[in-house]
Amino acid sequence: MHSDPSPHLHTEKCNKLVAKLVQCRFEHPYAKFIGYCNDIDFAMTKCFREEKTSKRLENNKRATERLHRVIETRVAKGTEVNAVLKSLPEETTGQTS
């Protein structure tokens with residue numbers, strides 16, 4: 003199962019692959035069942051994975067920056083850093099108790 007192929011969710015590269023796959027399946031309604039369009043399908047899946055990885059890394063970077071800003075703000079207010087880290091969820095800090 004693929005992620006949502008809506009154009010506003012993907013890059014131009016992936017949108018072109020989605021269009022090629024739709025066209026292939028339209029032009030070959032029976033051959034698609036024996037793998038005629040699989041090469042395009044695999045390329046599209048790979049493109050979606052690359053997009054997901056890129057978005058995940060970008061979100062992780064933003065979350066790390068936000069965490070540092072929160073810690074700096076709390077330290078400036080006089081709160082102990084250890085108390086701040088203990089108050090954050092484990093997923094955010096990457097630390098375990």
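In our numbering, the protein residues as written are 3 to 99.
Glycine residues also receive a C-beta, built at the ideal position from the N, C-alpha and C atoms.
The model shown is predicted, which means the values in this text are computed figures rather than measured ones.
- Three or more pairs of CB atoms, one per stretch, sit closer than 8 Å, so the segment 48–66 contacts the segment 8–28.
- Straight across, the Cα-Cα distance linking R27 with R68 is about 45 Å.
- The beta-carbon distance between L19 and I42, rounded to whole angstroms, is 6 Å. This is short enough to meet the 8 Å contact definition.
- Shown here, H70 sits in a helix according to DSSP, grouped into three states.
- Going by C-alpha positions, C39 is about 12 Å away from A21.
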